[in-house]
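Peer 1: Going by this note's numbering, the first residue of the sequence shown is number 35, and it counts up by one from there. Cβ coordinates follow ideal geometry from the N, Cα and C atoms, glycine included. All figures in this text were calculated on a predicted structure; none of them were measured in a lab.
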Amino acid sequence: MTSIRRWLLGWLIFGFAAASCVAGYAIFRTAHEEASELFDYELRAVAISLPPSLAATGALTHGSAMTDISDDRIAIEVWNTQGGLVYRSEEAPSIARLAEGFRTIERSEKHWRVYGLRQSERFIQVAQPVSVREALALRLALRTLWPLGLLLPLIVALVLFVVTRALAPIGALSRALSTRSLDALEPVRLQGAVPIEILPLVEALNDLLERLNAASSAQRTFVADAAHELRSPLTALKLQLQAAQRDGTLRGEGQTLARLEERLNRIIRLVQQLLALAREDAEPNSALTSVGLRRLAEQAVSDFSLLAEEKSIDLGLEIAPSADTNDTNDAFDVLGEPHALSVLLNNLLDNAIRHTPHAGRVDVVLHRDAGRVSFEVRDTGPGIPEAELSRVCDRFYRGTETQGAGSGLGLAIAARVAKRHRAELSLRNNADGRGLTVTVSPLRPTPADLRLGNASG
């Protein structure tokens, strides 16, 4: 399992360690080179500081004045103007006279750093073993590295502290979620300011919880509404059966079978409407495809023709003339979900036919104007009181003047479908005072490329 904490710590510590090694090597090399330059300066200083009287003696001596200058680290040789050797320090190797300046030579399998200085009356040559120089330079260079060696553990400790503190909000978020109950769907609240790096995560999580809460609330509302609405017809059906049982026949008062059938039909329709409502609530963002609205309207009118004939209602489909004279398309293709739009049309037609009196009229009218598609369902029924127009789309609402069986869900489902298609369902009483007009507008027309693709497929 991948761990962000281990990943951060591993790479940060490795990076600091690698950087420290590179920095340490650079510091060591720089200190070593500077130490070498310092020792060269020391050789030159020794050569310059030799007393002038040393050459005047004209003999090989080891005076006490030179004891402090020459030691096991530095060998000194002095020649006079005639080329004679006038001085050589103790344990100095036999090095031939060289030219002026610095050079490195090898004598008896030992490397020496030699500096030659010409003066007016003598030539001075100072030498130092390279091994001694290297040992001293190494000691000086190593002394420059101890602060870095002390700093590295402090940096590792600082990295551990910073990473732990930086990941603390994620741990707090995990603990807040792990201690929640299944029913707790309120937004997540963290103590203190939320870091900007995890703010999108918290916002997305809160959005998910909000949608889950809405879905849970819709489910609870659906169950409560279903239980409430089913209780009355089921109770009436039970009483009807008990009455028939007491009479000893299913013809209690001669109308028992008809009443039972009516109750059962009402329950069946209520269950269908509840299932349709639940489906709309469960699929708020389903994919939209190209749908032929005219074809759906023709199918809906055909399906309700028998119900309309029972009441001698004139049921028809009309195509309103388009304001655009160049518009020759009569397919009325729109973006939508076929089943949902079919439910929308069926509910509006069912409501219109049920509330339209005998020998009335119900029309489905399709409109297309300036690239906008809409449709209307007109009837010649009693209409709806103006005070109730804003409430008839509420779930289970039945107006005070509503007659006949019904669940109060038809318009609620229709409004839900229209909203899912980014359209608005509006109701208005007809101007002549006869009937109601329900308008769904606007529906989005199918783009030309999608319509051509469907036609070729």
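In chain order, what residues of the same chain lie with their CB nearer than 8 Å to the CB of GLU220, ignoring the 5 residues before and after it?
Peer 2: Result list for GLU220: LEU243, ASN247, in chain order.
Peer 1: Would you call GLN159 buried or exposed, if buried means 16 or more other Cβ atoms sit within 10 Å of its Cβ?
Peer 2: Buried, because 16 or more other Cβ atoms sit within 10 Å of the Cβ of GLN159.
Peer 1: Can you tell which of ARG412, ARG107, TRP146 has its C-alpha closest to the C-alpha of GLU500?
Peer 2: Since the first residue shown for the chain is 35 and the last is 491, residue 500 is missing from the structure and cannot be characterised.
Peer 1: So GLY183 is in the alpha helix (DSSP H); what residue range does that whole segment cover?
Peer 2: Unbroken alpha helix (DSSP H) run through GLY183: 164 to 200.
Peer 1: Between which residues of its own chain and ARG468 is the CB-CB distance below 7 Å, once the five residues before and five after are set aside?
Peer 2: Contacts found: THR414.
Peer 1: Who are the near neighbours of VAL166 in its chain, counting only those whose CB is closer than 7 Å to its CB and skipping five residues on each side?
Peer 2: The residues are ARG107.
Peer 1: On the DSSP letters alone, give me the boundaries of the alpha helix (DSSP H) that ASN380 sits inside.
Peer 2: From DSSP, the alpha helix (DSSP H) with ASN380 extends over 372 to 389.
Peer 1: Buried or exposed: where does GLY44 fall if 16 or more other Cβ atoms within 10 Å of its Cβ makes it buried?
Peer 2: Exposed.
Peer 1: What are the boundary residues of the alpha helix (DSSP H) that includes ARG429?
Peer 2: Taken as a continuous stretch (DSSP letters only), ARG429 belongs to no alpha helix (DSSP H), as it is neither H nor E.
Peer 1: Who pairs with ASN498 in a beta bridge, going by DSSP?
Peer 2: Nothing about residue 498 can be reported from this structure: the residues present for the chain run from 35 to 491 only.
Peer 1: Taking three-plus beta-carbon pairs below 8 Å as touching, is the region 57 to 66 in contact with the region 136 to 143?
Peer 2: No, because fewer than three Cβ pairs between the region 57 to 66 and the region 136 to 143 fall closer than 8 Å, the two stretches do not touch.
Peer 1: When you compare only the Cα positions, how much space is there between ALA331 and ARG388?
Peer 2: When rounded, the distance between both Cα atoms is 18 Å.
Peer 1: Less than 8 Å between the beta carbons of LEU459 and CYS427, yes or no?
Peer 2: Yes, the pair counts as a contact, with Cβ atoms nearer than the cut-off.
Peer 1: Enumerate in chain order the residues of its own chain whose CB-to-CB distance from SER104 is below 6 Å, with the five nearest sequence positions on each side excluded.
Peer 2: Reliability fails at SER104, whose pLDDT of 46 lies under 50, so the model's placement of it is uncertain and no value is given.
Peer 1: Do you know how far the Cα of VAL236 is from the Cα of ARG406?
Peer 2: Their backbone Cα atoms lie some 40 Å apart in a straight line.
Peer 1: Where does ALA109 sit, in a helix, a strand or coil, going by DSSP?
Peer 2: Correct three-state label for ALA109: strand.
Peer 1: Could you say which of LEU185, ARG454, ALA342 lies nearest to ALA53 if we only look at CA atoms?
Peer 2: Here the closest residue by C-alpha is LEU185.
Peer 1: Touching or not, the region 417 to 426 and the region 335 to 345, by the rule of three or more beta carbon pairs under 8 Å?
Peer 2: Contact fails: fewer than three Cβ-Cβ distances are below 8 Å.
Peer 1: In angstroms with no decimal places, state the Cα-to-Cα distance between LEU72 and GLY58.
Peer 2: Distance between the alpha carbons of LEU72 and GLY58: 21 Å.
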